[in-house]
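Presented below is the structure to which this report refers.
Numbering (this note's numbering), first residue to last: 97 to 349.
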């Protein structure tokens, strides 16, 4: 049915949080290629531990079957933040898994969760995440901003005083510190999600940063600095997705 509806599809995403654990994943990918012959990109989420377990040789076979890119939720390179989030991996696990993917020839995209460490671990979260990226040198780094959702375990931690969300300004400072410590090459850097936006009253004043590293690093830092400078002088109310969600102004993430 999907092949008929999306007959000329150029990209296919395997919709599962860790699809590479399936024993017949190569067969599945080859079938996707057969059904969507025009697809020049097939991608999937993958856990770092799965990449470690598979190893570069098996991942190379998966790549040869037609997979082009894996998306990995790094979230944080700070061990204490990962433990607090119950991620189930260490920074070294993520480094090892990422290197296996890179050695196989697959494109690798890391996702960083801004605000994951809360107010207490801004520096550790930003610098630790940069260190992991520097070790692996992913092809893509994408930013997502943490929003504490109703009914989540993190909401309970927040109520109990065990987690304090970062403010909009602190989020920008965290991104700046992360970017300052990045030393990667041939890497596309994107802050391409509405949760990264910052508002003053009803106006969006920051929509994220985008560029290629290392050549666009200065331009992205300049944008962060100019936004931080503007926010330091504004008389309006500074808002982010977390605040809007808490007020019921955002319902879907």
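The C-beta atom is built at its ideal place from N, Cα and C for all residues, glycine as well.
In this structure the segment 280-289 does not touch the segment 242-249; the number of beta carbon pairs closer than 8 Å is below three. Secondary structure note for residue 117: it is in no beta strand (DSSP E), with a DSSP letter that is neither H nor E.
Contact fails between the segment 170-179 and the segment 116-129, because fewer than three Cβ pairs, one in each stretch, are under 8 Å apart.
For residue 207, the enclosing beta strand (DSSP E) starts and ends at 203-210.
Beta-bridge partners of residue 196 (DSSP): none assigned.
As DSSP reads the structure, residue 127 sits in no beta bridge. By the neighbour-count definition (other C-beta atoms within 10 Å, threshold 16), residue 196 is a buried residue. Per DSSP, reduced to three states, the secondary structure at residue 346 is coil, with no helix or strand assignment. Separation of the CB atoms of residue 335 and residue 264 is rounded to 7 Å, and the pair is thereby assigned contact status at 8 Å. Beyond the five residues adjoining it in sequence on each side, residue 224 comes within less than 7 Å, by CB distance, of 172, 173, 174, 187 in the same chain, given in chain order.
Bridge pairing for residue 236: 205, 284 [DSSP]. Contact between residue 343 and residue 288 is ruled out by a C-beta separation of about 24 Å, above the 8 Å threshold. Cβ neighbours of residue 295 within its own chain (closer than 7 Å, five residues either side excluded): 301, 335. Between residue 142 and residue 166 the beta-carbon gap is near 4 Å, inside 8 Å, which marks them as a contact. Judged by beta-carbon spacing, residue 199 lies within the 9 Å limit of residue 152, meaning their Cβ atoms are closer than that value. Exposed is the label assigned to residue 260, since fewer than 16 other Cβ atoms lie within 10 Å of its Cβ.
By the Cβ criterion, the segment 302-319 is not in contact with the segment 214-223, since fewer than three pairs of Cβ atoms, one from each stretch, lie closer than 8 Å. For residue 158, the enclosing alpha helix (DSSP H) covers residues 144-161. In the same chain as residue 273, and ignoring 5 residues on each side of it, the C-beta atoms closer than 6 Å to its own belong to 222, in chain order.
Here residue 253 is not near residue 201, since their CB atoms are 9 Å or more apart. Taking 8 Å as the upper bound for CB-CB distance, residue 211 and residue 241 are in contact here, some 6 Å apart. Taking residue 181 as reference, the option from 209, 204, 340 with the minimal CA-CA separation is 209. Between residue 185 and residue 206, the C-beta spacing is not below 9 Å.
For the pair residue 194 and residue 228, the CB atoms are nearer than the 9 Å cut-off. In the DSSP annotation of this structure, the continuous segment of the beta strand (DSSP E) that includes residue 309 starts and ends at 306-309.
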